[in-house]
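Input: a single structure, listed below in structure tokens.
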Amino acid sequence: MAVHLVPTGRTALAAGLLMTAGVEGEWLLNPQRDDGTLTSVPLFAVLLLVSLAGFVLLVVAASGLRRAMVSRTRPARVGAAMTVAGAGLLALFAAAVLVTGVVDGEPAGLAFVPFLLGMLLLAVGPVTWGLSLRRRPPAPGVAPALVVSGVAAFAALALEPDPWHDLSLVVMFGAWSAIGLLVMRGPRGTGLPVRTADAAGRRH
């Protein structure tokens, strides 16, 4: 059955933009004090809702890309599963931070556990997935973009001081927007559904 990547590409593009707007908007507008207490609950809530929407769309985009895979090797399956799970944990993190922040006036410390676990999965999963797709990517450039997103996720974990942590997140989110643009072009720029194009290649 043919799987067209245009909807997945649009979702990945939107996910990257929303994640950047939410997370980096929080850094720029700073609705929290250094001790974590909120200075503006409405602003905090809006930014977290934007981030949450981005993370949910990332789950959808990664799942769509996973379903469209031509390569079904074990590393590809494991890397894709880790990527989807990591995105899901980031969505859980955003939801927990939003609820506890609005209710208690500051996010609960335990709410950041899913963030750490999710980022760890998003550091390893996309790299494994991207390297396994080098020979049969769904579209040109997707494999290296996945690797870049994973490396940037690792950098965001390793580089705690700002601005390096936030810059790493921007690169990670931007890589997913780039993946969206790449897959919207279709396999080898044909615009064909993934498996349709693959079958056409075998016939010729």
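All the letters of the sequence shown, read from the start, carry residue numbers 156 to 359 under the numbering used here. In this text, a Cβ means the ideal position worked out from N, Cα and C, and glycines have one as well.
Rounded to the nearest whole angstrom, the C-alpha separation of residue 210 and residue 247 is 9 Å. No residue range can be given for residue 294, since it is assigned to no alpha helix (DSSP H) and is classified by DSSP as neither H nor E.
Taking 8 Å as the upper bound for CB-CB distance, residue 331 and residue 304 are in contact here, some 6 Å apart. Looking at 189, 188, 207 and 220, the one whose alpha-carbon comes closest to that of residue 300 is 220.
Considering only 283, 293 and 163, the residue with the shortest C-alpha distance to residue 306 is 283. Listed in chain order, the non-local C-beta contacts of residue 215 below 6 Å within the same chain comprise 166, local neighbours out to five positions each way being set aside. The C-alpha of residue 262 is placed about 12 Å away from the C-alpha of residue 189. For residue 265, the secondary structure class from DSSP, reduced to helix, strand or coil, is helix. Leaving aside the five residues that flank residue 328 on each side, the residues in its chain whose CB is nearer than 6 Å to its CB run, in chain order, 171, 174 and 175. Here residue 193 carries a strand assignment [DSSP, helix/strand/coil]. The residue from 340, 179, 196 and 185 with its alpha-carbon nearest to that of residue 325 is 179. Inclusion of residue 186 and residue 192 in the CB contact set at 7 Å is not warranted, their separation being larger than that value. Around the beta carbon of residue 316, fewer than 16 other beta carbons lie within 10 angstroms, which makes this residue exposed. The beta carbon of residue 252 sits closer than 7 Å to the beta carbons of 203, 262 and 266 from its chain, once the five residues preceding and following it are set aside; these are given in chain order. The closest CA to that of residue 257, considering only 289, 199 and 285, is found on 199. Taking the C-beta atoms as reference points, residue 206 is found no nearer than 7 Å to residue 243. When rounded, the separation of the alpha-carbon atoms in residue 310 and residue 320 is 7 Å.
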